[in-house]
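Letter by letter, the sequence shown follows residues 1 to 164 in the working numbering. Even glycine gets a Cβ: it sits at the ideal position worked out from N, Cα and C. Right, one structure below, let's go through it.
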Amino acid sequence: MSSLAANFKQTTYLGYLSLVRILVGVLFLLVAWPKISGGRFLGGLALPQQLLNGIEKDPLAWHRAFIAGFVVPHAHLFSYLSAFGEISIGISLVVGCLVRISSLFGAFYNFNILFSVAYAAGGGTVNYNRVLILLHLIFVSSSAGRALGIDGLLKRRFPRSWLF
1 MSSLAANFKQ TTYLGYLSLV RILVGVLFLL VAWPKISGGR FLGGLALPQQ LLNGIEKDPL
61 AWHRAFIAGF VVPHAHLFSY LSAFGEISIG ISLVVGCLVR ISSLFGAFYN FNILFSVAYA
121 AGGGTVNYNR VLILLHLIFV SSSAGRALGI DGLLKRRFPR SWLF
């Protein structure tokens with residue numbers, strides 16, 4: 001008997017973590033929505049200048065080369081990937097569906113933001129990205145979508161799957 005009510009009554013400590021997961025998902029949606037609705041980033045105009053301003057502070061040489069040689073010339077594509085990736089990660093975290101996969105992408109995304117933009121901005125931005133990376137890794141390791149999320153229902157339906 002797998003109902004939505006049973007999903008909310010499962011005995012687990014992931015309920016507390018699910019609140020943090022939902023909050024992180026809402027933060028992703030709040031950051032992404034102006035990019036998609038206002039077209040601020042989707043033109044690809046702000047991204048190259050923002051990346052070029054901080055590229056000398058990127059501590060990883062291979063990452064600097066990737067940003068300067070591939071991301072900046074293809075800024076229009078990467079602005080779309082950034083905006084729609086944030087929306088996808090946010091929705092996945094809020095509804096608790098495929099949280100392990102979306103959190104892996106979220107950690108990868110925040111890792112790239114940390115090295116390409118956050119070090120240039122300095123201050124609390126670096127710590128903010130570090131905390132998000134840590135939270136995403138916790139979501140992956142704990143299957144945070146099982147409480148207050150669709151992953152709990154899917155895990156009962158497919159008990160041998162590692163996705164949930």
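- request: State yes or no: is the C-beta of S103 within less than 8 Å of the C-beta of F78?
  value: Against the sequence shown, residue 103 aligns to sequence position 103. Against the sequence shown, residue 78 aligns to sequence position 78. No, these two residues do not count as a Cβ contact at 8 Å.
- request: Give every residue of the same chain whose Cβ lies closer than 7 Å to the Cβ of C170, excluding the five residues on either side of it in the sequence, and list them in chain order.
  value: Because residue 170 is not part of the residues shown, which for the chain are 1 to 164, the question remains open.
- request: Select from S142, A147, Y119 and L114 the residue whose C-alpha is nearest the C-alpha of L132.
  value: For this step, residue 132 is matched to residue 132 along the sequence shown. Taking only the C-alpha atoms, the option nearest L132 is L114.
message: Using CA atoms only, rank isn't needed, just tell me which of V94, Y109 and L17 is closest to L29.
response: In the sequence shown, counting from the first residue as 1, residue 29 sits at position 29. Nearest C-alpha to L29: V94.
Of the residues K57, S142 and H74, the one placed nearest L17, counting alpha carbons only: By 1-based counting over the sequence shown, the position of residue 17 is 17. Cα-wise, what sits closest to L17 is S142.
query: Exposed or buried, which one is L153 when buried takes at least 16 other CB atoms within 10 Å?
result: What you label residue 153 is simply residue 153 of the sequence shown in a count that begins at 1. L153 comes out buried.
Whole-angstrom C-beta distance between E86 and A32, which should lie under 8 Å: For the purposes of this step, residue 32 is taken as residue 32 along the sequence shown, with counting starting at 1. For the purposes of this step, residue 86 is taken as residue 86 along the sequence shown, with counting starting at 1. Their Cβ separation, rounded to whole angstroms, is 3 Å, which keeps A32 and E86 in contact under 8 Å.
message: My output table needs one value for L191: the three-state DSSP class, helix, strand or coil.
response: There is simply no residue 191 to check, as the chain begins at 1 and stops at 164 in what is shown.
For V72, the three-state DSSP class (helix, strand or coil): Working through the sequence shown from its first residue, we reach residue 72 at position 72. Coil.
- request: Below 6 Å CB to CB, which residues in the same chain sit around G54 once its five sequence neighbours on both sides are set aside?
  value: Your numbering for residue 54 matches position 54 in the sequence shown. Here the set comprises V117 and A120.
message: Which residue wins for smallest C-alpha separation from L23, given the options G90, P59, G106 and V71?
response: On the sequence shown, position 23 is the one that residue 23 refers to. Of the candidates G90, P59, G106 and V71, the one whose C-alpha sits nearest the C-alpha of L23 is G90.
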